[in-house]
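Trainee: Protein sequence lines correspond, in order, to chains A and B.
The working numbering puts the first residue of the first sequence at 114, with every later residue one more than the last.
The working numbering puts the first residue of the second sequence at 1460, with every later residue one more than the last.
Positions of the beta carbon are idealized from the N, C-alpha and C atoms, including for glycine.
Predicted model only: the values in this text are computed from it and were never measured.
Structure provided below as structure tokens; questions to follow.
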Amino acid sequence: MNKQVELKDRKVIASKHVKLGQKNQKGQTYTDVNDIFYKAKQTPSFLTGSEVIRAAIKVASVGTSVAYPITPQSEAAALIGELFAEGYLDEYFRGESEFAVMGQCAGAAFGGHRVFTTTAGPGTLRAMENFPMWAGSRLPIQVCVTCRGVNSPLSIQPDTLEMHYLLETGMLVWHAETAQDLFDFILKGFIVAEQPDVHVPIAVCCDGFFVTHTKDTVELPPEDLCLTPYDPYRNPQPVMDMETAPIRMMRDPFVMKSNYISYATHASWQQEIHAAVERSRKHTIPLLDGLIDTHDIDREILIVGSGTAVSQSREAIRLLEEEGIKVGLVKIKTIRPFPYEEVKQATKNAKHIFVPEFNVSGWLAREIKANIPDNERVYVGPHVMGGMTMPSEVIVEEIKKHLGIETAATASLG
Amino acid sequence: MSNYEVKAGPEAFLPPAAASMGNVLPDEGEAHIGGKVVPEEEAYEIAARKILAAKVPTIFPGPLVLWKWTDHVAEKAKALRELANEVPMRLIPMADYRPKYPKIIQEYEINPNHPNLTIWHNKIDVCIFIGVHCHMANLSLKIIRGGTSCYTIAMCAMAGHEDACLSFRDADLNMIEKLKATIKKLKSEGVKSQAEPFTQFIMGRSGCLNE
């Protein structure tokens, strides 16, 4: 459940969209995001993550969604198709591949639509070239990434390695722990990504199957409210038409010319995209109630995680508590922008920092190690990958082993 | 709180984006001066004094005020002309964002891909960006800060620009008139414009009409 945010703390400026308060063709009232989350009555529903994606898109005033099947996002993509059939979206169709889908999303966004799509694993990597293109073109498209394995031999099971590849694309990258996070992040993500000073794409990531295919209780606002539509007139850049002024960028590409200071322009352009990601902090903090959540961070042992690794850590902390070992928790909600200062502050008193992850590279641990002092405090793990689960006992065992406390090997428990 | 001060350059071969240094954009009713967020009211006089002290103060109107999308834009453009006359300031348009080949005509135009050429050529020491799409303004402002000593002022209709030395946000007709009024008031108090004499060029379809 979201915490109440006082009006004085709100930095996401209330919508001034001309359609605010009007009804759409489905009878839903265009409503400011602050009112949807903080004023409207929230009702509990018991849904899978895929159903949660449908519920979010139903009230998101999305113009276009393009679908392509790949597990574990196929169900969500199909459910959005149902919404189209019911008249909640203007356009919905199947692309020829993930690469095509992301290009088609770009076209719809250039045309002024709010655009949503979903992908996963190898699909994310197949589409990869488009993500920095979206960012460079300042297109605030949202892709929901339901993370799974990416490598051969193929695995459809949960693995967050693909998020590592997304980190420097110039997109906002948020990581949902639960179905509730997923619902909130999708709706709030549109609002943050579409701010004129941000206006870059957003990847709302969740761990496939753990979130998408399990049921959870989710607090939902009334279905007769919906987000105010995307306002293309607040775009910080005119449409990058390839042939026509004012941005005839593909016909007169400064990157192709070596005269004047064309390379400085390209450098400045890249800097601007990363600056836009940084600017999103101001809008994200009040909407997500901070870029991180913390619990008992005065303790000497901390677990820092994102996604479902946080859920497993919560149970591990409870098990450790039973043995008298006190552990605190830092949950990271936004990976881009990365909450450098927040993590630095939250971990300043910790002597041991554990970073459990569902991937082989340990990208979250790398980020943390690179940004806090005395980083020998960071223990990179435990790790699982390729679809393995991470039982809470494994986290308990790693922490105890690292602290020199005798423990039975979890693997031997069968 | 960031300690990064956004000053007139030349700063570096490739200066950083101020947002990446931790600078935060002002909220409604605020502006920023050098990266420090201040009440909007405070920024008018600082901007006016900078403009009056400049030898070649120049307004760079962008497409959003050059092309008559709405009547509101026409009002804004008229107010800008009056502001330029009041100081007096030159008007050099950023009519579009295409890179210009084989070369830019530095006397008559500025371009976000190589804005420093226009600033160097005309020895512009204070400029106002207005009506330029935010992304393109930010591209230009960093390049200008990197390679020139020009003091940049942004009158942004949206959220403002950390990469300008001074930035207003939500800039509308009223704010342009308020800046003009502040300049007028300072002049009445004895602050003289240091602008060098110039003749504002007038462009027609065949080029400059008053050369």
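Give a yes or no on contact between the stretch 304-319 of chain A and the stretch 1552-1568 of chain B, applying the rule of three or more CB pairs nearer than 8 Å.
Mentor: The stretch 304-319 of chain A vs the stretch 1552-1568 of chain B: no contact.
Trainee: Hey, residue 234/A and residue 290/A are a contact pair by Cβ (cut 8 Å); roughly how many whole angstroms apart?
Mentor: By 1-based counting over the first sequence, the position of residue 234/A is 121. By 1-based counting over the first sequence, the position of residue 290/A is 177. That belief does not hold up - the Cβ atoms of residue 234/A and residue 290/A are roughly 19 Å apart, past 8 Å.
Trainee: Who does residue 444/A pair with in a DSSP beta bridge?
Mentor: As a working mapping, residue 444/A is identified with position 331 in the first sequence. Note: residue 444/A sits in a beta bridge opposite 406/A and 418/A.
Trainee: Is it the case that the Cβ atoms of residue 440/A and residue 412/A are separated by a distance below 8 Å?
Mentor: What you label residue 440/A is simply residue 327 of the first sequence in a count that begins at 1. What you label residue 412/A is simply residue 299 of the first sequence in a count that begins at 1. For residue 440/A and residue 412/A, yes; Cβs fall inside 8 Å.
Trainee: Can you name the start and end residues of the alpha helix (DSSP H) that residue 1531/B belongs to?
Mentor: Here residue 1531/B corresponds to residue number 72 of the second sequence, with the count starting at 1. Taken as a continuous stretch (DSSP letters only), the alpha helix (DSSP H) holding residue 1531/B covers 1530-1545.
Trainee: Does DSSP put residue 1574/B in a helix, in a strand, or in coil?
Mentor: Here residue 1574/B refers to the residue found at position 115 of the second sequence. Three-state result, residue 1574/B: helix.
Trainee: For residue 240/A, collect the residues of the same chain with a Cβ closer than 7 Å to its Cβ; drop the 5 residues on either side in sequence, then sort them by chain order.
Mentor: Your numbering for residue 240/A matches position 127 in the first sequence. Excluding positions up to five away in sequence, the list reads 211, 212, 214, 215 and 232.
Trainee: For residue 470/A, list the residues DSSP reports as bridge partners.
Mentor: Counted from its first residue, the first sequence places residue 470/A at position 357. DSSP, once it has assigned bridges, lists 496/A as partnering residue 470/A.
Trainee: Kindly indicate the opening and closing residues of the beta strand (DSSP E) around residue 505/A.
Mentor: For this step, residue 505/A is matched to residue 392 along the first sequence. No beta strand (DSSP E) contains residue 505/A, which is instead part of the alpha helix (DSSP H) from 505-515.
Trainee: Are there 16 or more other CB atoms within 10 angstroms of the CB of residue 1528/B, so buried, or fewer, so exposed?
Mentor: Along the second sequence, read from residue 1 onward, the residue named residue 1528/B stands at position 69. Exposed: under 16 other Cβ atoms inside 10 Å.
Trainee: Helix, strand or coil: which one does DSSP assign to residue 1498/B?
Mentor: On the second sequence, position 39 is the one that residue 1498/B refers to. Here residue 1498/B sits in strand by DSSP.
Trainee: Tell me which residues share the same chain as residue 157/A and place their Cβ nearer than 6 Å to its Cβ, disregarding the 5 neighbours each side in the sequence.
Mentor: One-based indexing of the first sequence puts residue 157/A at position 44. For residue 157/A, where only same-chain residues beyond five positions count, the Cβ hits under 6 Å are 330 and 332.
Trainee: Quick one: does residue 119/A have its CB under 8 Å from some CB of chain B?
Mentor: Indexing the first sequence from 1 puts residue 119/A at position 6. With a pLDDT of 47 at residue 119/A, under the threshold of 50, the modelled position of this residue cannot be trusted, and the question is left open.
Trainee: Could you check if residue 511/A is buried or exposed, using at least 16 other CB atoms within 10 Å of its CB as the buried criterion?
Mentor: Start at 1 with the first residue of the first sequence, and residue 511/A comes out as number 398. The residue in question, residue 511/A, is buried, as its Cβ has 16 or more Cβ neighbours within 10 Å.
Trainee: Leaving out five residues before and five after residue 153/A in sequence, what residues of the same chain have Cβ atoms less than 7 Å from its Cβ?
Mentor: If you number the first sequence from 1, residue 153/A lands on position 40. Cβ within range, chain order: 334, 335 and 338.
Trainee: If we define contact as Cβ-Cβ less than 8 Å, is residue 1473/B a contact residue for chain A?
Mentor: The residue labelled residue 1473/B in the question sits at position 14 within the second sequence. Judged by the 8 Å Cβ criterion, residue 1473/B is in contact with chain A.
Trainee: Run through DSSP, which three-state label would residue 223/A get?
Mentor: As a working note, residue 223/A is residue 110 in the first sequence. Residue 223/A falls in the helix class under three-state DSSP.
Trainee: For residue 1568/B, I'd like the list of residues in its chain whose CB is within less than 8 Å of its CB, leaving aside the five on either flank, ordered along the chain.
Mentor: Translated into the one-based positions of the second sequence, residue 1568/B becomes position 109. Within the same chain, residue 1568/B has close Cβ partners 1551, 1552, 1553, 1554, 1559 and 1577.
Trainee: Alpha carbon to alpha carbon, what distance is there between residue 1542/B and residue 1588/B?
Mentor: Walking along the second sequence from the start, residue 1588/B turns up at place 129. Walking along the second sequence from the start, residue 1542/B turns up at place 83. Cα to Cα, the separation comes out at about 13 Å.
Trainee: Closer than 9 Å between beta carbons: that is the criterion. Which residues of the stretch 390-403 of chain A meet it against chain B?
Mentor: Residues passing the 9 Å Cβ filter: 390, 391, 392, 394 and 395.
Trainee: Cβ of residue 1483/B less than 8 Å from any chain A Cβ?
Mentor: On the second sequence, position 24 is the one that residue 1483/B refers to. So yes, residue 1483/B belongs to the interface.
Trainee: I'd like to check one pair, residue 521/A with residue 469/A: are the Cβ atoms closer than 8 Å?
Mentor: Position 356 of the first sequence, counted from the start, is the residue given in the question as residue 469/A. Position 408 of the first sequence, counted from the start, is the residue given in the question as residue 521/A. No, the Cβ-Cβ distance between residue 469/A and residue 521/A is not below 8 Å.
Trainee: Run through DSSP, which three-state label would residue 257/A get?
Mentor: Looking up residue 257/A in the first sequence gives position 144. If DSSP states are grouped into helix, strand and coil, residue 257/A belongs with the strands.
Trainee: Using a beta-carbon distance cut-off of less than 9 Å, what residues from the stretch 441-470 of chain A approach chain B?
Mentor: Listed by position, the residues of the stretch 441-470 of chain A near chain B (Cβ gap below 9 Å) are 454.
Trainee: Take the Cβ of residue 71/A as the centre, count every other Cβ of all protein chains shown within 10 Å, and call the residue buried at 16 or more, exposed below.
Mentor: Limits of chain A in this structure are 114 at one end and 527 at the other, which puts residue 71/A out of reach.
Trainee: Whole angstroms is fine: what's the gap from residue 227/A's alpha carbon to residue 1600/B's?
Mentor: Mapped onto the first sequence, residue 227/A falls at position 114. Mapped onto the second sequence, residue 1600/B falls at position 141. Rounded to whole angstroms, residue 227/A to residue 1600/B spans 29 Å at the Cα level.
Trainee: Thinking just about the alpha-carbon of each residue, which of 1472/B, 1488/B and 1496/B is nearest to the one in residue 1623/B?
Mentor: Start at 1 with the first residue of the second sequence, and residue 1623/B comes out as number 164. Of 1472/B, 1488/B and 1496/B, the residue nearest in Cα terms is 1496/B.
Trainee: Bridge partners for residue 287/A per DSSP, in chain order?
Mentor: Numbered from its first residue, the first sequence carries residue 287/A at position 174. Looking at the DSSP assignment, residue 287/A forms a beta bridge with 317/A and 447/A.
Trainee: By Cβ distance below 6 Å, which residues in the same chain neighbour residue 1628/B in space, the five residues on each side in sequence not counted?
Mentor: Here residue 1628/B corresponds to residue number 169 of the second sequence, with the count starting at 1. Within the same chain, residue 1628/B has close Cβ partners 1485, 1615, 1618 and 1619.
Trainee: Buried or exposed: residue 244/A, going by 16 or more other Cβ atoms within 10 Å of its Cβ?
Mentor: By one-based count along the first sequence, residue 244/A stands at place 131. Answer is buried; the Cβ neighbour count reaches 16.
Trainee: Just by C-beta distance, which residues in the stretch 1609-1631 of chain B are closer than 7 Å to chain A?
Mentor: Against chain A - using a Cβ distance shorter than 7 Å - the residues of the stretch 1609-1631 of chain B are 1617 and 1618.
Trainee: For a quick check, are the C-beta atoms of residue 420/A and residue 257/A less than 8 Å apart?
Mentor: If you number the first sequence from 1, residue 420/A lands on position 307. If you number the first sequence from 1, residue 257/A lands on position 144. Result no, Cβ atoms of residue 420/A and residue 257/A do not sit closer than 8 Å.
Trainee: Taking residue 387/A as the query, report the chain B residues whose CB atoms sit under 9 Å from its CB, ordered along the chain.
Mentor: Here residue 387/A refers to the residue found at position 274 of the first sequence. Neighbours of residue 387/A on chain B, chain order: 1476, 1478 and 1479.
Trainee: Excluding the 5 residues preceding and the 5 following residue 344/A in the sequence, name in chain order all residues of the same chain whose CB lies nearer than 6 Å to its CB.
Mentor: In the first sequence, residue 344/A corresponds to position 231, counting from 1. These residues qualify, in order along the chain: 130.
Trainee: Residue 1515/B and residue 1670/B look like a contact to me (Cβ under 8 Å); what is the Cβ gap, rounded to whole Å?
Mentor: On the second sequence, position 56 is the one that residue 1515/B refers to. On the second sequence, position 211 is the one that residue 1670/B refers to. About 19 Å separates the two Cβ atoms, so there is no contact after all.
Trainee: Who are the near neighbours of residue 1443/B in its chain, counting only those whose CB is closer than 6 Å to its CB and skipping five residues on each side?
Mentor: The question about residue 1443/B has no answer, for chain B in this structure spans 1460 to 1670.
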